[in-house]
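Here's the structure we're looking at; comments come further down.
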Ligand code: GDG
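Residue numbers (this note's numbering): 250 to 739.
This is the structure we're talking about:
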């Protein structure tokens, strides 16, 4: 059975009985930016917000997040509230404000230069700086104050998102012990040997154990977390029940594989506007009967984008008959560009695109078209529908929603997904062509296999992939978290 928005609403009504439902994350689901004299509302390139928005539209009250857009202050009321989504007004976005120094220390410095590389095994060393750690602690307190203010004295369920807010649950409960909290960690949890290099590892673990429930995408990350706690913290770890007891308090540690709103994506993908946009892309890039490959990513060194280009290079070198017949679109926007590693990645990607295009291009064909910009959800949908194959080549990824979006959009049951084994998604999407992105020769063979796969096989695989995402959609994910909460005897 596929979970619907209405099923989730009913579950929330019966299980959360009158508790406020609050989501907290660093990134906001809608960003208001100034474009000339006009205010535009954009959807950020973030798996977390894309996943949580339908849940909030179904049952949320308030989403607390950092207001990072240039027109964000102009669009809130005196309580820093704005109703979103802009066209539907389903829930309240409460924005909190950070100074430039706070953003640099907490967001860029500690969250993204220390915790992000610490948790992803992508061979980029974390940078631990006490100055940034202090900002991280302070900003977690700013978020806690905002949550407590929103909740007042009543009962509430606060659903905390991700690695930016590891200390939040304890800070909230210190002020309002009646609040129940769950936290979902959207990125991998590494093995204890990798984690133990963090100088503030114990504080982070203790902070996370302030939650009643702690969720990861897959059981492997839960096991890594339990083992890290056992080795680093005074506590009782029960592997049978996957619970940690510390200071008389229990935290359940559970896998909740996140997903997308399959039905909405499938419905949107079938709209006439998408077909028009597909035609427009064909016209603009003068595409005729070439095979089209796509990669859609927030540009990040964990996504294996250079590896993907090296595999394409190998493919064209080894199978020259495909030169002129395959066009690969790399789409996505740069992120975290104030961090040196990300600037280096952008330069590396630019260099590779230039080198490969120079090697193979003709007067009327280029192997790689790189659109390094923020694209609208409708344009991304059109590319998903146009592609003969989609490449997700992450070196390490908690889940990867691009893979699930591609599958959901293929209402025609066509298209091949090439998917890294090192994504959470690979555990569910076993009908994809699974690859090791570091094994460039095999990766190149998979590109050939995707292009040459017979139509019946493509259809059979895509059907199965679609069934998996349809069944395990985002509403089931949220329902699983809430049902687990209900077992705590609220
Ligand atoms: C984290 C974890 C986990 C990309 N370019 C544009 C754009 N996107 C959208 C995609 C997709 C989202 O961004 C990326 O989601 P992912 O899941 O692939 O990756 P992360 O942002 O790293 O997310 C990840 C996720 O949290 C959820 O738990 O799956 O493992 O790392 O939705 O379509 N969207 C728009 N313009 C773009 O140019 N509008």
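The beta-carbon is built from N, C-alpha and C at its ideal position, and this holds for glycine as well. Bear in mind the structure is a predicted one, so any value in this text is a computation, not a measurement.
Query, Result
"Rounded to whole angstroms, what's the CA-CA distance from residue 718 to residue 270? Just pull it up for me.", "26 angstroms"
"Between the region 580-591 and the region 531-549, can you find at least three pairs of beta-carbon atoms closer than 8 angstroms?", "yes"
"Spell out a yes or no on whether the region 606-619 and the region 561-579 are touching, meaning 3 or more CB-CB pairs, one atom from each, closer than 8 angstroms.", "yes"
"What do you reckon, are the CB atoms on residue 438 and residue 464 nearer than 8 angstroms?", "no"
"When we look at the beta-carbon of residue 737 and count the other beta-carbons within 10 Å, is it buried (16 or more) or exposed?", "exposed"
"Would you give the residue range spanned by the beta strand (DSSP E) that residue 579 belongs to?", "575-580"
"Against chain C, with Cβ distances strictly below 8 angstroms, would residue 489 count as a contact?", "The structure shown contains no chain C, having only a single protein chain."
"Looking only at DSSP bridge pairs, what is residue 614 linked to?", "611"
"Could you have a look at residue 638 and say whether DSSP puts it in helix, strand or coil?", "strand"
"Going by alpha carbons, who is nearest to residue 541 out of 663, 324, 275, 285?", "663"
"Give the straight-line distance between the Cα atoms of residue 413 and residue 362, rounded to the nearest whole angstrom.", "11 angstroms"
"Take residue 472 as the anchor and find which of 504, 359, 416 has the nearest alpha-carbon.", "504"
"Let's see if you can read the secondary structure: which residues bound the alpha helix (DSSP H) around residue 559?", "554-567"
"So which of 312, 462, 672 has the shortest CA-CA distance to residue 341?", "312"
"Would you kindly report the start and end of the unbroken beta strand (DSSP E) that includes residue 516?", "Careful: residue 516 lies outside any beta strand (DSSP E), inside the alpha helix (DSSP H) at 511-518."
"Assuming the contact rule is C-beta atoms closer than 8 angstroms, residue 714 and residue 678 should be a hit. Round their C-beta distance to whole Å, please.", "6 angstroms"
"Where does residue 413 sit, in a helix, a strand or coil, going by DSSP?", "helix"
"Buried or exposed for residue 607, please, with buried defined as at least 16 other CB atoms from any protein chain shown within 10 angstroms of its CB.", "exposed"
"Could you check where the alpha helix (DSSP H) with residue 313 kicks off and where it finishes?", "It is not in any alpha helix (DSSP H) - residue 313 instead sits in the beta strand (DSSP E) that spans 311-315."
"Nearest-angstrom Cα distance between residue 490 and residue 295?", "32 angstroms"
"How about residue 300 and residue 723: are their beta carbons less than 8 angstroms apart?", "yes"
"Quick check: the Cα distance between residue 453 and residue 523, rounded to an integer number of angstroms?", "45 angstroms"
"Considering only residues of the same chain and omitting the five flanking positions on each side of residue 403, which have a CB-CB separation below 7 angstroms?", "269"
"Looking at the unbroken alpha helix (DSSP H) that takes in residue 450, where does it start and where does it end?", "450-457"
"Are the Cβ atoms of residue 436 and residue 339 separated by less than 8 angstroms?", "no"
"Looking at the secondary structure, which residues open and close the alpha helix (DSSP H) in which residue 377 lies?", "No alpha helix (DSSP H) contains residue 377, which DSSP labels as neither H nor E."
"Just reading off the beta strand (DSSP E) that residue 503 is part of, what are its end residues?", "498-504"
"Quick one: give me the first and last residue of the alpha helix (DSSP H) that residue 262 is part of.", "254-264"
"Give me the Cβ distance between residue 460 and residue 500, rounded to the nearest whole Å; I'm assuming they're in contact under 8 angstroms.", "6 angstroms"
"Use the C-beta contact count for residue 277: other C-beta atoms within 10 angstroms, 16 or more gives buried, fewer gives exposed.", "buried"
"What residue range is occupied by the uninterrupted alpha helix (DSSP H) comprising residue 671?", "Taken as a continuous stretch (DSSP letters only), residue 671 belongs to no alpha helix (DSSP H), as it is neither H nor E."
"Looking at the structure shown, is residue 390 part of a helix, part of a strand, or coil, going by DSSP?", "helix"
"Just tell me which of 357, 704, 672, 516 has its CA closest to the CA of residue 657.", "516"
"For residue 424 versus residue 407, is the C-beta spacing smaller than 8 angstroms?", "no"
"Within 10 Å of its beta-carbon, does residue 392 have 16 or more other beta-carbons around it, so buried, or fewer, so exposed?", "buried"
"Looking only at its own chain, which residues have a Cβ that is under 7 angstroms from the Cβ of residue 293, when we skip the five neighbours before and after it?", "276, 280"
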